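What follows is the structure in structure tokens.
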């Protein structure tokens, strides 16, 4: 395991322990690993690949004296930008759920901001590439109509009915909203039938 990936693992463990109220480990693996990575860009690149830039930045920046002032500034800027993106994603997810709730459609959010909150106790600790909700299969067409009224359309440009038929095997359709930053994956099963595990 290279140092950058080992650092990500150590940061994840520390964040999960903090969220669960577990005392930190006596040996500070984060300080040891971060001090061995001279290039903050390499650290950020590894964190970005796994969607945990804000988490890694928080853990490393909480340990003063590890990095140069320039590297600390770089991490602080990346942390702030990622937190803004995460809060935007959370707001958009909240709005989607409110639209559906107003139409008496139950939806369950998962992955993305919900995973960040569950794992780390903070929605800003993980970047999201998309948003995911699960709607009961009998309600999926109504949900699509409600979301369509709020600007969400199938990302492939097809009509909802065609996009649903094309994606029936995986039980999800990706929607996009005009001006929206993230795609919204609307699922009617948790996984496709070919992947039962």
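Numbering (my numbering), first residue to last: 647 to 843. From the three backbone atoms N, C-alpha and C, an ideal C-beta is built for every residue, glycine too. As the structure is a prediction and not an experimental result, all values here were calculated from the model.
Distance check for residue j and residue i, CA to CA, integer angstroms please.
i, j, result
"residue 783", "residue 716", "52 angstroms"
"residue 809", "residue 746", "20 angstroms"
"residue 671", "residue 648", "21 angstroms"
"residue 712", "residue 685", "12 angstroms"
"residue 814", "residue 763", "30 angstroms"
"residue 817", "residue 761", "21 angstroms"
"residue 802", "residue 769", "29 angstroms"
"residue 785", "residue 753", "9 angstroms"
"residue 793", "residue 703", "35 angstroms"
"residue 720", "residue 730", "16 angstroms"
Quick one: is residue i buried, meaning 16 or more other Cβ sit within 10 Å of its Cβ, or exposed?
i, result
"residue 740", "exposed"
"residue 805", "exposed"
"residue 748", "exposed"
"residue 692", "buried"
"residue 819", "buried"
"residue 699", "buried"
Please check the pair residue i and residue j, which I expect to be a contact at CB under 8 angstroms, by giving their CB distance rounded to whole angstroms.
i, j, result
"residue 738", "residue 658", "Contact doesn't hold; Cβ gap of about 25 angstroms is too wide."
"residue 701", "residue 680", "In fact, because the Cβ distance is near 13 angstroms, the residues do not count as touching under 8 angstroms."
"residue 694", "residue 660", "With a Cβ gap of about 19 angstroms, residue 694 and residue 660 do not count as contacting."
"residue 797", "residue 823", "4 angstroms"
"residue 665", "residue 767", "4 angstroms"
"residue 765", "residue 662", "6 angstroms"
Determine, using beta carbons only, whether residue i and residue j come nearer to each other than 8 angstroms.
i, j, result
"residue 828", "residue 800", "no"
"residue 774", "residue 728", "no"
"residue 688", "residue 650", "yes"
"residue 755", "residue 743", "yes"
"residue 724", "residue 690", "yes"
"residue 751", "residue 788", "yes"
Tell me whether residue i, by its Cβ, gets closer than 7 angstroms to a heavy atom of the ligand HEM.
i, result
"residue 675", "With respect to the ligand HEM, the structure offers nothing, as it holds no ligand at all."
Exercise for review: Count the C-beta pairs between the region 822-837 and the region 765-784 that are closer than 8 angstroms, then say yes if the count reaches three, no if not.
Suggested key: yes
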